[in-house]
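All remarks here apply to the structure that follows.
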Amino acid sequence: PAGTLAEALRVLAPGGRLLAVTPCLSHIKARLAGRRWKYFTPPWHLHFFTTRSLRTLLSRIGFEVLACSCLNHRAHVRVLARKPSNAGS
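Numbering of the sequence shown is given in this note's numbering, commencing with residue 1 and proceeding in unit increments.
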């Protein structure tokens, strides 16, 4: 995922935004189900994130994270990030 997100940052125009939604590993449904959680289904999902880990990854790559939260009804984490305006294209 880091390589894909880095490529997204590279091709975005300065100020461009990224919206991503992925299963949330810290959601209560994931914690209760453990390995039986419906999203543990390779090859569809190979990497899992919490709000903290996704925010950290995007920040390390160079995104400015605008919002990051767990969608309680769907057990997903949603993140909105942007390429800083002062970043090269």
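Even glycine gets a Cβ: it sits at the ideal position worked out from N, Cα and C.
What you are looking at is a predicted structure, and each value in this text was computed from that prediction instead of being measured.
Option in the options with minimal Cα separation from residue i
i      : options                       : result
Arg78  : Cys70, Ser85 and Pro84        : Cys70
Pro13  : Phe63, Leu25 and His73        : Looking at the sequence shown, residue 13 is not Pro but Ala. Among Phe63, Leu25 and His73, the Cα nearest to that of Ala13 belongs to Phe63.
Thr22  : Arg60, His76 and Pro1         : His76
His119 : Lys38, Thr50 and Ala20        : The shown model of the chain, from 1 to 89, leaves out residue 119, and the question about it has no answer.
Phe40  : Pro84, Cys24, Leu58 and Arg60 : Cys24
Asn72  : Ser59, Ala30, Ala6 and Thr4   : Ala30
Buried or exposed by the 16-neighbour rule on C-beta atoms within 10 Å, applied to residue i
i      : result
Arg82  : buried
Ala67  : exposed
Ala175 : In the structure as shown, the chain begins at 1 and stops at 89. Residue 175 is therefore absent and cannot be evaluated.
Leu46  : exposed
Ile19  : Note on identity: in this sequence residue 19 is Leu, with Ile being the wrong assignment. Looking at its Cβ environment, which holds fewer than 16 other Cβ atoms inside 10 Å, Leu19 is exposed.
Leu32  : exposed
Residues that DSSP places opposite residue i in a beta bridge
i     : result
Val65 : Ala81
His76 : Pro23 and Leu71
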